[in-house]
Amino acid sequence: MKAGSHGAHVTDVTVWRRRGERSAACNILQHDRFGGGSVLVWGGISLGGRTALHVLTRGSLTAIRYRDEILRPLERPYAGVVGPGFLLMQDAVPQHLQLNVYHDIGLTRNKIVTAQFECYQKIMKDNDHNKIGPVCNRTWDGWLCWDDTEAGFTSEQHCPDYFQDFDPSEMVTKICSENGHWFLHPDSNRTWTNYTRCNEHTKEGRMTAMNLFYLALIGHGLSLISLFISLGIFFNFKSLSCQRVTLHKNLFFSFVLNSVITIIWLTAVANNQELVQRNPTSCKVSVFIHLYLFGCNYFWMLCEGIYLHTLIVVAVFAEKQHLMWYYLLGWGFPLIPASIHAIARSYYYNDNCWISSNTSLLYIIHGPICAALLVNLFFLLNIVRVLITKLKVTNQAESSLYMKAVRATLILVPLLGIQYVLLPYKPEERVSSEIYDYIMHILMHYQGLLVATIFCFFNGEVQGVLRRHWKQYRMQFGSTLTHSDAMRSASYTASSITDVQGCYSIDSNTEHLNGKGGCLDIETSILKSENPFA
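Numbering-wise, the sequence shown is residues 8 to 541 according to my numbering.
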């Protein structure tokens, strides 16, 4: 909403209206008049809502300054950030200044409108009696809010995150000239803020984004391969069947499903801007499933820790437990935070496809996960304490076996939880931020590979079973080769004797005396001596 000022009075108000509607009185959401030397400035008004108009009291303002300092700086940032199907225009404004906006980038709109509202609130509340010497007055440039700046100094702050090609780690600068006026661009003769560094590295940023995209896909692809191999081993070798392996299978299934839905999300939703703009319900359902399965990963890890704690500390090496409670915790409980997040997101932060991560509502998901990691870590440390202090006088072989089982889980829990420790500490510098992103993507998208490696491929019992079956296979395969070679040797000997018979006239008695019949006996003895498993 914009208000024009002529002299001391506000004479007109620009209102939000639907396309095709006239500026009738019934369409005006707010109409205030202020006298004196104040300037009426505007804030965002959402459909069906109302907001107070804000008065900037810093002296008189000419029509030219009003146009250059209030209206024109707002033309660019607000072009394209108004809701779909609305016009932001005024009948008195020339046709070329009317903004017809048909597309919605709701997140950007909300951020800019919020920043502008907070800026004007700050401008009105801050004390301006401490100014010494010439200063450039506090102002809103259309994207950022600038405080009073001493003449001859350059003010700077981080780039806003309104747009995808803006790098928040870079800096925006605004120069205050020696005479106490903001720098005027020589081409336009208008106040100008230097945002050029914000997208200076856009090409490199896009390259990094693509690298991270493919890094995530490769990670989930490798995770799926390793998880399927691990599940094949657990299902194929019955000697590995036990309750803890059953928990391993469910943990692996949760990672398989999470990798599948993540690959679908990355390729079909996050990489499809047209789909995000259409905002179908299916993409929000995919986010719900992804967050649910993401929680299942960590709660099945908690099930592993609870099982070991019950086995070693509570029941002291009891063999059987009721797994129904583990199924409820691993598959059932994550539905609660995922459902609460979906409901809260639809009411309080209903962005397109719920694609944004810039909302505190994600703590609904991350909070229970962090709690599960902490509880799991407590259980595992308590298990180690019990094994070290109380089991020294018991069966050492059994104690060592359980210690190996605990060690695998104790290594895995911190590795899966370290991302939540690093999450609040993202550096602001561009190169450091890029390194941080690579580390976080490896920690997040290679978890399935890590779980399969530690719980299956590095498992001593699994390695022992595979070695035994490999030795049996080699023995059986070797015996088959030996039997085949012996048969080929016998066939060659028989054919050679037949050839000799064709050349020489030898009767049957001579053949027997010269060893033809004995050759078969020798062949048989060779087969028996070289192939004891035949």
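Ideal Cβ placement from N, Cα and C applies to all residues, glycine included.
Outcome for residue i when other beta-carbon atoms lying within 10 angstroms are tallied against a minimum of 16
i: Met549; result: Any question about residue 549 goes unanswered here, given that the chain covers just 8 to 541.
i: Gly172; result: First, the amino acid is wrong: residue 172 is Asp here, not Gly. Result: exposed.
i: His373; result: buried
i: Leu342; result: exposed
i: Cys143; result: buried
i: Cys126; result: buried
i: Arg145; result: buried
i: Gly522; result: Confidence is the limiting factor: at Gly522 the pLDDT is only 37, short of 50, which leaves the residue's position unreliable and the question unanswerable from this model.
i: Trp477; result: exposed
i: Tyr169; result: buried
i: Asn279; result: exposed
i: Asp174; result: buried
i: Ala216; result: exposed
i: Arg213; result: exposed
i: Ser503; result: Interpretation of Ser503 is limited by its pLDDT of 42, a score under 50 that renders its predicted location unreliable; no figure is taken from the coordinates.
i: Val428; result: exposed
i: Phe241; result: buried
i: Ser474; result: What sits at residue 474 in the sequence shown is Arg, not Ser. Exposed, since its Cβ has fewer than 16 Cβ neighbours within 10 Å.
i: Tyr355; result: exposed
i: Ile130; result: buried
i: Thr198; result: buried
i: Val469; result: buried
i: Tyr432; result: exposed
i: Met308; result: buried
CA nearest to the CA of residue i, picked from the options
i: Arg251; options: Arg475, Tyr334, Phe484; result: Tyr334
i: Arg285; options: Met451, Phe465, Ile461, Ile362; result: Ile362
i: Ile271; options: Thr253, Ser293, Thr288, Gln280; result: Ser293
i: Ser353; options: Ile130, Lys291, Phe220; result: Lys291
i: Lys181; options: Met447, Gln164, Tyr480, Leu456; result: Gln164
i: His448; options: Val413, Arg437, Leu423, Asn304; result: Leu423
i: Ser364; options: Leu388, His316, Leu430, Asn389; result: Leu430
i: Asn186; options: Asp174, Ile418, Ala158, Phe241; result: Ala158
i: Asn389; options: Arg204, His316, Ser367, Gln328; result: His316
i: Val276; options: His297, Lys256, Asn257; result: His297
i: Leu457; options: Ile232, Phe244, Ile240; result: Ile232
i: Thr203; options: Asn218, Met178, Ser195, His192; result: Met178
i: Thr253; options: Gln328, Gln123, Leu381, Thr288; result: Gln328
i: Asn257; options: Leu222, Asn304, Glu441; result: Asn304
i: Glu441; options: Asn134, His188, Asn218, Asn357; result: Asn218
i: Trp189; options: Thr156, Lys210, Glu207, Glu211; result: Thr156
i: Thr288; options: Ser439, Asn357, Thr121, Arg481; result: Asn357
CB of residue i within 7 Å of CB of residue j, strictly
i: Gly543; j: Tyr453; result: Limits of the chain in this structure are 8 at one end and 541 at the other, which puts residue 543 out of reach.
i: Ile319; j: Ile347; result: no
i: Leu336; j: Cys310; result: yes
i: Gly312; j: Phe386; result: yes
i: Phe160; j: Cys183; result: yes
i: Ala162; j: Trp153; result: It should be pointed out that residue 162 corresponds to Ser in this sequence rather than to Ala. Their beta carbons are under 7 Å apart, which means Ser162 touches Trp153 by this criterion.
i: Gly455; j: Phe262; result: yes
i: Leu450; j: Gln426; result: yes
i: Cys205; j: Cys249; result: no
i: Ser195; j: Arg437; result: no
i: Ala349; j: Leu368; result: no
i: Pro434; j: Tyr443; result: yes
Own chain residues within Cβ distance below 7 Å of residue i, not counting five before or after
i: Ile139; result: none
i: Leu224; result: Ile270, Leu273
i: Phe306; result: Leu336, Gly337, Phe340, Pro341, Ala379
i: Pro344; result: Gly302, Ile371, Ile372, Pro375
i: Leu234; result: Phe259, Phe262, Val263, Gly455, Ala459
i: Gly27; result: Note that Gly27 scores 47 on pLDDT, short of 50, meaning its location in the model is unreliable; the coordinates nonetheless yield the value given after this. Taken in chain order, the list of residues that qualify is empty.
i: Phe244; result: Val472
Contact set for residue i: own chain, Cβ-Cβ below 8 Å, skip 5 residues either direction
i: Ala415; result: Ile461, Phe462, Phe465, Asn466
i: Ser246; result: Val472
i: Leu282; result: Ala275, Val276, Cys290, Cys360
i: Ile268; result: Ser293, Ile296, His297, Leu300
Min CB distance residue i to chain C below 7 Å
i: Leu264; result: Given the protein chain composition of this structure (a single chain), no chain C is represented.
Neighbourhood of residue i by C-beta distance below 6 Å, restricted to the same chain and skipping five residues each side
i: Leu384; result: Val420
i: Ser230; result: Ser266, Gly455, Leu456
i: Leu238; result: Phe259
i: Lys118; result: Tyr169
i: Met410; result: Leu394
i: Ile236; result: none
i: Thr366; result: Tyr356
**Item:** beta strand (DSSP E) runs wholly inside the segment 187–263, at least 3 long, in chain order
**Value:** none
**Request:** Mind listing, in chain order, the continuous alpha helix (DSSP H) runs of no fewer than 4 residues lying wholly within the segment 278–364?
**Result:** 280–285, 288–316, 331–334, 342–355
**Request:** Kindly provide the ranges of any beta strand (DSSP E) runs that are 3 or more residues long and lie completely inside the segment 121–181, ordered along the chain.
**Result:** 161–165
**Request:** Entirely within the segment 449–493 and at least 4 residues each: give me those alpha helix (DSSP H) ranges in chain order.
**Result:** 454–459
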